[in-house]
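At position 3 of the sequence shown (counting the first as 1) the number is 3 in my numbering, and the numbers step up by one without a gap.
Written out below as structure tokens is the structure these notes cover.
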Amino acid sequence: MPKKKEKPKSKKVAEKIDPEIAERQALTKQIEGDLPYERTIYINEARRFLKRSIEDILTVGKLLLIIQEKEGHGDFGRIVEDEIGLPRRTAYRFMNAAMKAEKYPAINLCQLAQVSKVYALLEAPEEELKKFEQLGLFAGKDRDELMSMSHTDLRKLVEDLRDNTDEIVKGKTDEIRRLNKQLQKERDELYSMVPTAPDGSWAEKPLSMIQEAFIRLDNLLSSFAFDPSIIGNDKLQAKVEGFRVEMEKRSVLFIERWEEHTGKKVGK
Numbered sequence: 001m002p003k004k005k006e007k008p009k010s011k012k013v014a015e016k017i018d019p020e021i022a023e024r025q026a027l028t029k030q031i032e033g034d035l036p037y038e039r040t041i042y043i044n045e046a047r048r049f050l051k052r053s054i055e056d057i058l059t060v061g062k063l064l065l066i067i068q069e070k071e072g073h074g075d076f077g078r079i080v081e082d083e084i085g086l087p088r089r090t091a092y093r094f095m096n097a098a099m100k101a102e103k104y105p106a107i108n109l110c111q112l113a114q115v116s117k118v119y120a121l122l123e124a125p126e127e128e129l130k131k132f133e134q135l136g137l138f139a140g141k142d143r144d145e146l147m148s149m150s151h152t153d154l155r156k157l158v159e160d161l162r163d164n165t166d167e168i169v170k171g172k173t174d175e176i177r178r179l180n181k182q183l184q185k186e187r188d189e190l191y192s193m194v195p196t197a198p199d200g201s202w203a204e205k206p207l208s209m210i211q212e213a214f215i216r217l218d219n220l221l222s223s224f225a226f227d228p229s230i231i232g233n234d235k236l237q238a239k240v241e242g243f244r245v246e247m248e249k250r251s252v253l254f255i256e257r258w259e260e261h262t263g264k265k266v267g268k
């Protein structure tokens, strides 16, 4: 589909734009003064003032932290908005930046040169900030690489780190939930063995578990009894014999207690 030709701007529109451009150029010239434009100088000056802005933010954040601590949360919001004239959200961002700067002094947030980069970096997981503090590397990148990154790229990097951290936390949470369910199941099984019902119904499950355990134990003992490698090994044979003696003692003790309790002789 052929593009429509743009209509030339009317004379009135051109007259309206031209004065605006002329006014902007005049104001820019007034701001610039008589010094000739030098790109590097202006960029460095802009960076210098941005660094001062970060320092100012951190200073304000520290002052706000002290005010909040001394005045209490109830009055703090009113003081911030009515007396200082700062939106609460902005105040809390300043305070968060100040706390992180105090917590990780070696990061030196002022060197990032852009307020937006500072905010983006402070959204990173605590573990990554600790590594940056200790190793001078953030997600494998040194300070110079972070300085050269755009705010958008740094923000994307932080978001990826947070997503990875969320996945790890989710995995650990799922594992904890699984273990918790297992513990609850084992607890319920133990509770079910407590003698509570007068008709003895509480004993049905424990007896079933004992029977299953006895069958497994009998199978293991049979494998020991007919395994030539155990019979030919004096050390292993002594262990099995010791286990046999222990089982025999426990069986005799159980039979004695049972006969005493029931008044009946086993096998009669």
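Note that beta-carbon positions come from the ideal geometry of N, C-alpha and C, so glycine has one too.
Return helix, strand or coil for Lys-265, following the three-state DSSP convention.
coil
Just grab the DSSP bridge partners of Phe-138 for me.
Lys-141
Between which residues of its own chain and Ala-124 is the CB-CB distance below 6 Å, once the five residues before and five after are set aside?
Excluding sequence neighbours, Ala-124 sits near Val-158, Leu-161.
Return the chain-ordered list of same chain residues with a C-beta closer than 7 Å to the C-beta of Gln-134, the five sequence neighbours on each side being excluded.
none
Given this structure, state the Cα-to-Cα distance separating Ser-208 from Leu-217, to the nearest angstrom.
14 Å
Would you mind listing the alpha helix (DSSP H) stretches within the region 66–146 that are 4+ residues and don't spill past its ends, in chain order?
73–78, 88–103, 115–121, 126–135
Mind checking whether Phe-269 and Ile-67 have CB atoms under 8 Å apart?
No statement about residue 269 is possible, as the shown extent of the chain runs from 1 to 268 and does not include it.
For Phe-254, count the other beta carbons within 10 Å of its own beta carbon; 16 or more makes it buried, fewer makes it exposed. Which is it?
exposed
Exposed or buried, what is Ile-21 when buried is set at 16 or more other beta-carbons lying within 10 Å of its beta-carbon?
Burial call: exposed.
Would you verify that the beta carbon of Asp-75 is, or is not, closer than 8 Å to some beta carbon of chain B?
Any reference to chain B falls outside this structure, which holds one protein chain only.
How would you label Tyr-275, buried or exposed, when you count the other beta carbons within 10 angstroms and need 16 or more for buried?
Within the shown structure, residues of the chain are numbered from 1 to 268, placing residue 275 beyond reach of any answer.
Report buried or exposed for Ile-176, applying the criterion of at least 16 other Cβ atoms within 10 angstroms of its Cβ.
exposed
Among Gly-85, Ala-97, His-73, Glu-38, which one has its Cα closest to the Cα of Thr-59?
Ala-97
Quick one: grab the DSSP three-state call for Ser-251.
helix
State yes or no: is the C-beta of Leu-121 within less than 8 Å of the C-beta of Ala-91?
no
Pull up the distance between the alpha-carbon of Arg-178 and that of Glu-69, whole angstroms please.
A direct Cα-to-Cα measurement between Arg-178 and Glu-69 gives close to 41 Å.
Can the beta-carbon of Glu-81 be found less than 8 Å from the beta-carbon of Arg-88?
yes
In whole angstroms, what is the alpha-carbon distance linking Lys-185 and Gln-211?
Taking the straight line joining both Cα atoms gives about 20 Å.
According to the Cβ coordinates, are Leu-129 and Val-118 closer than 8 Å?
no
My assumption, with CB atoms under 8 Å, is that Glu-259 sits in contact with Lys-265. Please give the rounded CB distance.
6 Å
Quick one: what does DSSP say Leu-35 is sitting in, helix, strand or coil?
It is coil, neither helix nor strand.
Going straight from the alpha carbon of Leu-220 to that of Glu-248, what length do you get?
16 Å
Gly-263 to Ser-222, Cα distance in whole Å?
33 Å
Quick one, which of Gln-114, Lys-235, Val-240 has its alpha-carbon nearest Ser-148's?
Gln-114
Any idea if Ala-101 is buried or exposed, counting beta-carbon neighbours within 10 angstroms, 16 or more meaning buried?
The residue is buried, with at least 16 neighbouring Cβ atoms inside 10 Å.
Taking the alpha-carbon of Tyr-104 as reference, which of Phe-132, Ile-84, Gly-85 has the nearest alpha-carbon?
Phe-132
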